[in-house]
Ligand SMILES: Cc1cc2nc3c(=O)[nH]c(=O)nc-3n(C[C@H](O)[C@H](O)[C@H](O)COP(=O)(O)OP(=O)(O)OC[C@H]3O[C@@H](n4cnc5c(N)ncnc54)[C@H](O)[C@@H]3O)c2cc1C
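Numbering (our numbering), first residue to last: 1 to 437.
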């Protein structure tokens with residue numbers, strides 16, 4: 001039977017969401033999940049499910065019942081004929097990478113950390129970078145969901161296909177995702193490289209950089225003319241002969257302890273931010289490293305921050321960055337975190353920020369404890385000017401109407417939601433307000 005913690009405080013990674021649910025439940029089987037949902041239904045309790053708590057917003061918050069699938073982790077089934085692997089929804093990406101590797105497989109792409117749960121990651125459209133890759137949600141071929149009614153349904157392109165289009169990115173609003181079937185690829189090695197470039201050279205050469213590298217991203221340091229470029233390419237010769245990862249030399253300054261000390265200084269003296277940005281730009285690590293893919297995408301995040309990220313049309317990356325640069329300079333914002341710029345291939349997932357448009361994703365950060373609102377507000381205006389779509393797991397202030405205007409399938413999504421959850425069991429205050437429900 002499932003374990004239970006009463007009045008257990010829960011907070012997200014960034015420390016921006018604190019929560020004390022009446023009960024925090026840890027089901028140990030599919031039937032545990034079903035009985036929790038049925039009990040909540042009978043007692044008219046609100047229910048939310050948490051992954052690793054790495055969303056910056058109160059998406060997963062609940063004052064009544066919270067459930068965690070931490071005890072539902074690991075591989076359920078491997079379909080070698082179709083290169084598909086079914087895993088429990090609570091499986092953390094770091095564990096998943098190793099488990100897949102042990103079976104000779106890997107995910108085709110990943111984001112910049114690997115501590116999320118697979119269900120949580122796909123539920124907000126977590127993405128990496130690379131013009132030929134969609135978000136993690138696009139790697140999903142089937143889901144097993146416990147609906148708010150307590151039914152267990154499979155959804156895929158051929159089974160309950162309407163729910164599939166909605167369910168691959170569903171913010172925990174359609175049901176509890178207990179199993180995820182992923183389309184996987186044969187395990188592979190990546191060569192990574194990090195180097196410094198002038199911002200103008202980077203923006204002038206974006207076409208070349210993004211199309212000639214498997215994974216390309218860049219970080220622009222505000223108040224400077226410097227970017228860090230990070231690229232990764234498949235090591236063709238070693239696709240089937242995996243070897244050990246060499247030390248990752250392509251890391252970011254933001255990944256190490258010195259950056260924490262500098263950030264503390266900025267918090268105490270915000271005007272120091274510009275100097276720190278210059279120092280960080282000069283300290284960009286240059287070098288190469290290589291290793292198995294699951295060891296290469298993710299890097300530790302030792303410094304806590306708040307983040308906002310939007311997607312715009314891929315071809316607008318340079319214009320948006322130039323506008324952001326203008327806004328930061330005009331407002332003289334005290335910001336020392338680099339701006340992270342990535343590319344994602346378009347998809348057909350209803351709530352995806354890359355829905356039917358190849359996307360540039362641009363993320364701004366502020367150190368924990370520093371005032372992010374004026375900065376984020378000003379940059380959000382730039383994103384909106386370009387018909388930007390917010391990343392669901394990150395900060396934004398879009399109204400329901402604005403969301404309906406830019407997420408063209410939001411209404412279709414809400415129709416599916418209403419059918420599955422007519423009494424709003426899975427809604428919390430944040431979702432109600434955001435979507436005007
Ligand atoms: C340091 C850091 C780095 C990040 N890097 C990236 C990045 O590179 N790319 C990117 O796109 N995002 C990134 N993110 C954002 C992060 O990937 C997303 O917010 C992701 O959703 C977090 O996954 P989680 O397991 O923590 O889910 P949570 O934040 O716990 O939950 C997210 C949503 O998923 C729902 N959910 C969780 N489990 C289930 C389930 N079993 N069934 C149904 N719904 C469920 C929750 O209800 C909630 O709505 C980063 C965040 C941080 C803090």
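Glycine included, every Cβ here is placed at the ideal spot set by N, Cα and C.
CB-CB length for residue i against residue j, believed under 8 Å
i: residue 184; j: residue 294; result: About 11 Å; that fails the 8 Å criterion.
i: residue 312; j: residue 182; result: Rounded, the Cβ-Cβ distance is 28 Å, inconsistent with contact.
i: residue 366; j: residue 270; result: That pair is no contact at about 10 Å.
i: residue 284; j: residue 324; result: The Cβ separation is near 19 Å, so there is no contact.
Distance cut-off 8 Å: residue i Cβ against heavy atoms of ligand 1
i: residue 56; result: yes
i: residue 35; result: no
i: residue 171; result: yes
i: residue 69; result: yes
i: residue 421; result: no
i: residue 176; result: yes
i: residue 345; result: no
i: residue 438; result: No answer is possible for residue 438: the residues shown for the chain start at 1 and end at 437.
i: residue 301; result: yes
i: residue 135; result: yes
i: residue 429; result: no
Close beta carbons around residue i, own chain, < 8 Å, minus the five adjacent residues each side
i: residue 427; result: 46, 173, 421 and 437
i: residue 171; result: 59, 123, 124, 351, 392 and 431
Continuous beta strand (DSSP E) stretch holding residue i: start and end
i: residue 52; result: Looking at the DSSP string, residue 52 is not in any beta strand (DSSP E), and its letter there is neither H nor E.
i: residue 352; result: Here residue 352 belongs to no beta strand (DSSP E), and DSSP marks it neither H nor E.
i: residue 366; result: 359–367
Among the options, the one whose alpha carbon lies nearest that of residue i
i: residue 154; options: 176, 136, 137 and 134; result: 176
i: residue 72; options: 376, 58, 33 and 324; result: 33
i: residue 151; options: 271, 128, 129 and 178; result: 178
i: residue 43; options: 425, 430, 144 and 432; result: 425
i: residue 409; options: 214, 340 and 167; result: 167
i: residue 128; options: 187, 230, 100 and 208; result: 230
i: residue 259; options: 204, 359, 148 and 368; result: 368
i: residue 38; options: 61, 65, 21 and 19; result: 65
i: residue 144; options: 310, 135 and 164; result: 164
i: residue 384; options: 373, 300, 397 and 372; result: 397
i: residue 306; options: 297, 158 and 263; result: 263
i: residue 192; options: 321, 214 and 322; result: 214
i: residue 157; options: 141, 429 and 19; result: 141
i: residue 208; options: 288, 364, 131 and 49; result: 131
Nonlocal neighbours in the same chain, by C-beta distance under 7 Å from residue i, ignoring five residues either side
i: residue 199; result: 220, 225, 226 and 227
i: residue 52; result: 92, 115, 116, 117 and 120
i: residue 13; result: 53 and 54
i: residue 89; result: 69, 72, 117, 118, 119, 177, 178, 179 and 180
i: residue 304; result: 14, 15 and 368
i: residue 423; result: none
i: residue 40; result: 47, 65 and 425
Where the alpha helix (DSSP H) containing residue i begins and where it ends
i: residue 121; result: 118–123
i: residue 13; result: Careful: residue 13 lies outside any alpha helix (DSSP H) and carries neither H nor E.
6 Å Cβ shell around residue i - same chain, five flanking residues per side excluded
i: residue 336; result: 266, 273, 276 and 277
i: residue 138; result: 347
i: residue 77; result: 86
i: residue 22; result: 64
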